[in-house]
Amino acid sequence: MPIRQKIRWLIALGVLVLTLLLLFFIFFATQTVIGVWHELQTVPDWLFYTYMFVIGLATVTSLGIILRLVLPSFKKSKKEPPPDAESIENELAQAESDGVDIAHIRQELAKLQARKAAGQVYISLFGDVSTGKSSLIKALVPDAKIETHVRGGSTQTVTEYQWQLPNAEDSLCLIDLPGRNEAAGQWETMIEEEALRAQVVVYVTDTDLTRSQFDDIQALHGFNKPLIIAVNKCDRYQSDEQDQLRQRIVDVCTQMDKAAKQAESPDGILPAIPFINRSSWQVVFTSAGGMETITKIYPDGREEKVLRERKPKINALVMALQDKIDQQYDTLDQLRDASVFVLTQRKLDDARESFRKEQAEKIIQQSTRHAILGAMAAISP
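Sequential numbering from 1 applies to the sequence shown in the numbering used here.
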């Protein structure tokens, strides 16, 4: 007999056994209920009603407990306000008095104060490997010494570049981050933290959005700050292809805007910040330039392939950055501060959790040591 047929027979046998057990249970339960009911007919009224009251109370209590456990709570949870400088400082003082190591959190707040004192607008470039982040910075800041390669992952560290917008007094700091899909572990955490510290985030892609890129943009959208999606290497696309690609990205961002209205934070990282415009995103097409191969034809018919410098197309990105700064200049610092306070709160929670684990391990080690010493003392002559 085939194995599948044997399994079916076993299942059928199991169903038959369960059915018989259920029927026996119903039979004996019915017999018991009828017997109890007949007995109750012969007892005094006060005992009858007391018995029925106890049965009813037990039934209602059990149903209430079951409903409370199974059904979701309809009470609106109290929303905690976003952390601010005062609340963070109070929690840090309490944690420090408890013995928690908060040196790295103090450094985070010191970095925030240093950036505020510098008076610059910090812009982080985010994206996958080989999308051209470093090349874009080189096009924006020609004097910057940036090594770009054909292979992916030319950026291995977080590097800052000073830049001045054309025909403007705004001083900017461009932050070049390693490729998103290249980073892992501590690198990934560091990149996300840099995105939180920045005032404007530029997400660089060179193709239609993949699933992982969609997830990245959704996470950046949850950081509650201006977002520019720069489609690099636009020379690959015709005008109609650019329009189609732009529309697809716009559709994705529009869906995220709708989702953001139904939840405090799409990615669960940041709470709602009342002064942010959640639709603060923009799609631009850029080209970082570089070198291109052309065929040079001489009068005598000879052909020669030569390299020619391709002029970068970055005006759309420059204008988008200028628009973001002009439109939200008064709130950029607030957005950055709110993000850093949330980041600080997260680091403080992690530090507390690590401290509790260390204390628990110390207690276990001390208890174990005392137990061993006690046992040795008990058996020693």
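Idealized CB from N, CA, C, for every residue including glycine.
Alpha-carbon to alpha-carbon, Gln244 and Arg106: 47 Å
Beta carbon of Phe341, beta carbon of Pro82: below 8 Å? yes
Roughly how many whole angstroms lie between the Cα atoms of Asp235 and Ser287? Straight-line measurement puts the Cα of Ser287 at about 7 Å from the Cα of Asp235.
On a CA-only basis, which of Ile34, Leu332 and Ile217 is nearest Val283? Give me that one, please. Ile217
Rounded to a whole number of angstroms, what is the C-alpha to C-alpha distance between Ser77 and Ala103? Because the pLDDT of Ser77 is 49, which lies under 50, any placement of that residue in the model is unreliable, and the question is left without a value.
Look at the alpha carbon of Asp84 and the alpha carbon of Leu321, and state the distance between them as a whole number of angstroms. 27 Å
8 Å is my cut-off, CB to CB: does Gly222 come that close to chain D? Here there is only one protein chain, and chain D is not present.
Beta strand (DSSP E) runs contained entirely in the segment 300 to 351, provided each spans 3 or more residues: 303 to 310
If you reduce the DSSP assignment to three classes, tell me which class Lys258 lands in. helix
Are the beta-carbon atoms belonging to His221 and Trp281 less than 8 Å from one another? Their beta carbons are under 8 Å apart, which means His221 touches Trp281 by this criterion.
Can you tell me the Cα-Cα spacing of Ile372 and Gln365, whole angstroms? 11 Å
Touch check for the segment 294 to 307 and the segment 328 to 338: three-plus C-beta pairs under 8 Å? No: fewer than three Cβ pairs fall under 8 Å.
Member of Lys133, Val306, Gln199 and Ser212 whose CA lies at the smallest distance from the CA of Cys173: Gln199
Check each candidate in Asp176, Thr207, Ala29 and Gly35 and name the one with the smallest Cα separation from Tyr237. When only C-alpha atoms are compared, the closest one is Thr207.
Distance check for Leu21 and Leu63, CA to CA, integer angstroms please. Between the C-alpha atoms of Leu63 and Leu21 there is a straight-line separation of about 25 Å.
Specify the secondary structure class of Pro274 as computed by DSSP and reduced to three states. Its pLDDT being 38, under 50, Pro274 is placed unreliably by the model, and the measurement read from it follows with that caveat. Correct three-state label for Pro274: coil.
Helix, strand or coil for Glu160, going by three-state DSSP, please let me know. strand
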